[in-house]
Amino acid sequence: DFANCGTVTDVEGNVYKTVVIGTQCWMRENLRTTKYANGTSIQYGNTTTSSTTAYYYYPDSPENVPIYGLLYNWSAAMKNEISSENEPSGVQGACPEGWHLPSRVEWNRLSDYVSLQAAYYCDETLQYIAKAFASTSGWEEYEDQCAIGNNLSANNATGLTILPAGYFSGSHAGLGFFAALWSATEQNDNDSLGFYFFLQSVDNGLDDSGNGKNIGNMFKIFGLSVRCVRNP
Numbered sequence: 231d232f233a234n235c236g237t238v239t240d241v242e243g244n245v246y247k248t249v250v251i252g253t254q255c256w257m258r259e260n261l262r263t264t265k266y267a268n269g270t271s272i273q274y275g276n277t278t279t280s281s282t283t284a285y286y287y288y289p290d291s292p293e294n295v296p297i298y299g300l301l302y303n304w305s306a307a308m309k310n311e312i313s314s315e316n317e318p319s320g321v322q323g324a325c326p327e328g329w330h331l332p333s334r335v336e337w338n339r340l341s342d343y344v345s346l347q348a349a350y351y352c353d354e355t356l357q358y359i360a361k362a363f364a365s366t367s368g369w370e371e372y373e374d375q376c377a378i379g380n381n382l383s384a385n386n387a388t389g390l391t392i393l394p395a396g397y398f399s400g401s402h403a404g405l406g407f408f409a410a411l412w413s414a415t416e417q418n419d420n421d422s423l424g425f426y427f428f429l430q431s432v433d434n435g436l437d438d439s440g441n442g443k444n445i446g447n448m449f450k451i452f453g454l455s456v457r458c459v460r461n462p
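According to the numbering used here, the sequence shown is numbered sequentially starting from 231.
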């Protein structure tokens, strides 16, 4: 059993499990609401990307939603709020009341904490931590020792249960191989790119790119997964 901070329910009645990691309490599941906390609907886009309207994407079919959640473009995830590098971000976005979209700083806080805990290492000599974030199912197999895709039952030491829901870029890609989760931070005030946290089935450690551990940038019009963090 993992320490948690109760459950959280969104405006549509979807209930999400939670997990406490360090000083943060995260959702253990991807967001799957089609409405903002104020009841406003998020427009559905099924075949095209959008830079203006905040809408969401199904990962292939509605049957996947209970497992993988929905994929949101950055505008939808942010509810068109302003980019934040703060901790906490202060951006509620698509998250339920009392919760927020994590900034890049908050994703890095999570990774830094996990990096310092021997219980989350792949083994005593290989201090790789990617497996500690990843769910125990859904990932494509990969033979390298300590890779997420090797011995899935050894994944998820943190309880965060990150799923390889892929992303939407006009079509759905990466299901089973790639997890991509938005942050509330855009890249250097770039109108088109936002920072996100990612995992791949071939990953063993988290690469420090200069943006942070496994932090990349993605076009805001693409649909990615969303995890929320509880407000302090």
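A virtual CB, placed ideally from N, CA and C, is assigned to each residue, including glycine.
Simplified DSSP assignment, three categories, for residue i
i, result
"TRP304", "helix"
"ASP438", "strand"
"TYR397", "strand"
"TYR426", "strand"
"GLY369", "Before going further, note that residue 369 is Trp rather than Gly in the sequence given. Looking at TRP369 - three-state DSSP - the assignment turns out to be coil, as it is neither helix nor strand."
"ASN338", "helix"
"ALA384", "helix"
"TYR358", "coil"
"TYR266", "coil"
Selection from the options that minimises the alpha carbon distance to residue i
i, options, result
"ASN381", "THR391, THR388, TRP369, GLY328", "TRP369"
"ALA324", "GLY275, SER271, GLY252, PHE363", "SER271"
"PRO517", "TRP256, LYS247, ALA233", "With the chain covering 231 to 462 only, the question about residue 517 has no answer from this structure."
"ASP421", "LEU436, PHE449, GLY442, VAL432", "PHE449"
"ASN316", "SER305, HIS330, ALA306, ASP433", "HIS330"
"TYR274", "VAL250, PRO296, TYR302", "TYR302"
"GLY396", "SER431, PHE425, ALA387", "SER431"
"THR391", "SER439, PHE398, THR248", "THR248"
"PRO326", "THR237, LEU393, TYR287, GLY442", "THR237"
"SER305", "ILE451, ARG460, ALA360, SER455", "ILE451"
"ASN338", "LEU454, ASP231, CYS235, GLY440", "GLY440"
Sheet register partners of residue i (DSSP bridge)
i, result
"PHE363", "Its beta-bridge partners do not exist; DSSP assigns none."
"TYR274", "TYR286"
"ALA410", "PHE428"
"ASP460", "Reading the sequence as shown, one finds Arg at residue 460 and not Asp. Answer is TRP329, bridged to ARG460."
"THR239", "VAL245"
"SER455", "LEU411"
"ILE392", "ALA364"
CB contact flag (residue i, residue j, <9 Å)
i, j, result
"ALA410", "PHE428", "yes"
"GLY299", "GLU336", "no"
"GLY252", "TYR343", "yes"
"THR264", "ARG334", "no"
"ALA360", "ALA384", "no"
Start and end residues, alpha helix (DSSP H) containing residue i
i, result
"SER346", "Here residue 346 turns out to be Leu, not Ser, going by the sequence shown. Here LEU346 belongs to no alpha helix (DSSP H), and DSSP marks it neither H nor E."
"ILE297", "295-298"
First through last residue of the beta strand (DSSP E) which encompasses residue i
i, result
"GLY446", "445-449"
"ILE251", "248-251"
"GLN254", "254-257"
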